[in-house]
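One structure is given here, and the rest of the page talks about it.
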Amino acid sequence: MFRALLLLLVALGPLWLVYTFGFWLLIAFVALTAATFVFSTGQARASEATQGGRLTGYHTTEFADF
């Protein structure tokens, strides 16, 4: 019950802000979300490709040799 209420409040929070402050805030939320996805996934892929998986061992099923 508490989890559902918390999820509802988290989901309705941005909608309340848009209702209060207008359409431009909705555009700002969408831009912030898009920028987060674009920069976080792109940076992670480039980092992993540069390291070749040496630091994490993600490129193989073997253990990393530190």
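Going by our numbering, the final residue of the sequence shown carries number 78, and the count climbs one at a time with no gaps.
Even glycine gets a Cβ: it sits at the ideal position worked out from N, Cα and C.
Asked: When the Cα atoms are used, what is the spatial distance from Ala43 to Thr32?; Found: 19 Å
Asked: In the structure shown, what three-state DSSP assignment does Gly34 receive?; Found: coil
Asked: Leaving out the 5 sequence neighbours to the left and right, which residues in its chain are closer than 6 Å to Leu20 when beta-carbon positions are compared?; Found: none
Asked: Between Arg15 and Trp28, what straight-line distance do the alpha-carbon atoms span, to the nearest angstrom?; Found: 20 Å
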